[in-house]
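Asker: Below is the structure I would like to discuss, written out as structure tokens.
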Amino acid sequence: MNKVLIVSILLVLNLNAKEITVAVAANVSYAINDLVKEFNVKNPNTKVNITLGSSGKLSAQITHGAPYDLFLSANMKYPNDLYKNNYASTIPKVYAKGSLAYFSNKKLDFTKSLNELLEDENIKQIAIANPKTAPYGIASFEALKNAKVFDNVKSKFVYGESISQTIMYSVSATDIGIIAKSSLFSKNMSKYKENINWKEVDAKLYTPIKQGIVILKRTKNKEEAQVFYDFIFSKNAKDIFNNYGYLIDE
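What follows is the structure, encoded as structure tokens:
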């Protein structure tokens with residue numbers, strides 16, 4: 003094959019290649035690689051760049067001109083605000099529902115209730131997401147307040163700016179943490195076992211964590227953004243979300 007033909011093929015490939023940048027809430031960081039890999043099976047010419055962070059900070063970046071094409075939030079509030087203020091071109095739609103779990107790699111007795119564990123005098127620090135920036139922090143606060151334990155343990159809180167940072171604190175620094183259940187299905191966390199290292203927080207204690215997606219108005223790749231958006235609601239994507247412990251509306 004001569005050099006001219008090789009160069010021509012490369013030019014065609016480059017012309018066909020497209021990129022999108024997706025702002026992704028930290029709790030989805032565990033599933034996003036599998037989602038992108040599955041997306042690229044049918045869309046090999048679309049490169050998907052991922053920016054991870056707390057939903058609050060990502061939303062603020064969007065309002066300040068960050069070049070994102072789509073936003074997968076950890077709640078509906080930030081997508082709704084963006085849509086109302088003309089930053090999003092699609093009506094916010096729920097793509098998954100998240101759940102809370104309490105986790106520790108210490109030798110704790112998980113037959114005890116959440117209240118008993120958190121109030122134990124040997125529990126000095128509790129990792130929890132900052133409710134000012136992380137929707138999972140809002141849900142955690144609500145759960146602990148409804149469990150009538152918040153006021154007794156709030157002095158023990160160690161705040162993570164995102165749920166990912168909260169998980170890191172839970173694993174390496176604090177005695178216990180309130181984290182995203184989805185993280186426990188990741189490769190790094192799958193060694194921890196239910197009822198030994200973690201338990202689900204009673205879903206009745208907090209408002210369901212409905213996570214929303216929008217396509218952003220500043221996208222320059224509308225077609226590719228729409229294709230990725232549609233993929234997120236496909237059966238294959240739903241199966242991946244299910245595998246990471248999310249609840250999905252059929």
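Everything in the sequence shown is counted per the working numbering, starting at 3 for the first residue and increasing by one. Note that the Cβ used here is the ideal one computed from N, Cα and C, for glycine as well. All values derive from a computational prediction rather than experimental measurement.
Run through the DSSP bridge pairs and tell me what residue 162 is partnered with.
Answerer: Residue 162 is bridged to 131.
Asker: Assign residue 93 to one of two classes, buried (16 or more other C-beta atoms within 10 Å of its C-beta) or exposed (fewer than that).
Answerer: Flag for residue 93 reads exposed.
Asker: Using three-state DSSP, classify residue 40 as helix, strand or coil.
Answerer: Looking at residue 40 - three-state DSSP - the assignment turns out to be helix.
Asker: Can you give me the Cβ contacts of residue 51 inside the same chain, cut-off strictly under 8 Å, excluding the 5 residues immediately before and after it?
Answerer: Around residue 51: 21, 22, 23 and 24.
Asker: Compute the Euclidean distance between the alpha carbons of residue 167 and residue 224, then round it to the nearest angstrom.
Answerer: For residue 167 and residue 224, the distance between alpha carbons rounds to 32 Å.
Asker: Measure the alpha-carbon distance for residue 77 versus residue 249 and round it to whole angstroms.
Answerer: Cα to Cα, the separation comes out at about 14 Å.
Asker: Pull up the CB-CB distance for residue 211 and residue 100, whole angstroms please, since I reckon it's below 8 Å.
Answerer: Contact flag correct, Cβ pair sits at about 4 Å.
Asker: Per DSSP, what are the beta-bridge partners of residue 179 in this structure?
Answerer: In DSSP, residue 179 forms a bridge with 105 and 129.
Asker: Look up residue 50 in the DSSP assignment and give the residues it is bridged to.
Answerer: DSSP lists 22 as partners of residue 50.
Asker: For the 8 Å Cβ check, are there 3 or more pairs between the stretch 115 to 130 and the stretch 151 to 158?
Answerer: In short, these stretches touch, since the Cβ pair count reaches three.
Asker: Pull up the CB-CB distance for residue 102 and residue 169, whole angstroms please, since I reckon it's below 8 Å.
Answerer: Residue 102 to residue 169, Cβ: 12 Å. No contact.
Asker: In terms of alpha-carbon separation, which member of 202, 73 and 251 lies closest to residue 112?
Answerer: Comparing Cα positions, the closest option is 202.
Asker: To the nearest angstrom, how far is the alpha carbon of residue 147 from that of residue 138?
Answerer: The straight-line gap from Cα to Cα measures roughly 14 Å.
Asker: Does the pairing of the stretch 36 to 54 with the stretch 77 to 86 give three or more beta-carbon distances under 8 Å?
Answerer: The stretch 36 to 54 is not in contact with the stretch 77 to 86.
Asker: Start and end of the alpha helix (DSSP H) containing residue 202?
Answerer: Not the alpha helix (DSSP H): residue 202 falls in the beta strand (DSSP E), residues 200 to 202.
Asker: What number of angstroms, rounded off, separates the C-alpha of residue 12 from the C-alpha of residue 46?
Answerer: Reliability fails at residue 12, whose pLDDT of 43 lies under 50, so the model's placement of it is uncertain and no value is given.
Asker: DSSP three-state label for residue 2, please.
Answerer: Given a span of 3 to 252 for the chain in the structure shown, any question on residue 2 remains unanswerable.
Asker: Indicate whether residue 187 and residue 97 have their beta-carbon atoms separated by less than 8 Å.
Answerer: No, they are not a contact pair.
Asker: Take residue 16 and list the residues in its own chain whose beta-carbon comes closer than 8 Å to its own, dropping the five residues that flank it on each side.
Answerer: For residue 16, the predicted model reports a pLDDT of 47, less than 50, meaning its position is unreliable; a value from the coordinates is still stated below. Excluding positions up to five away in sequence, the list is empty.
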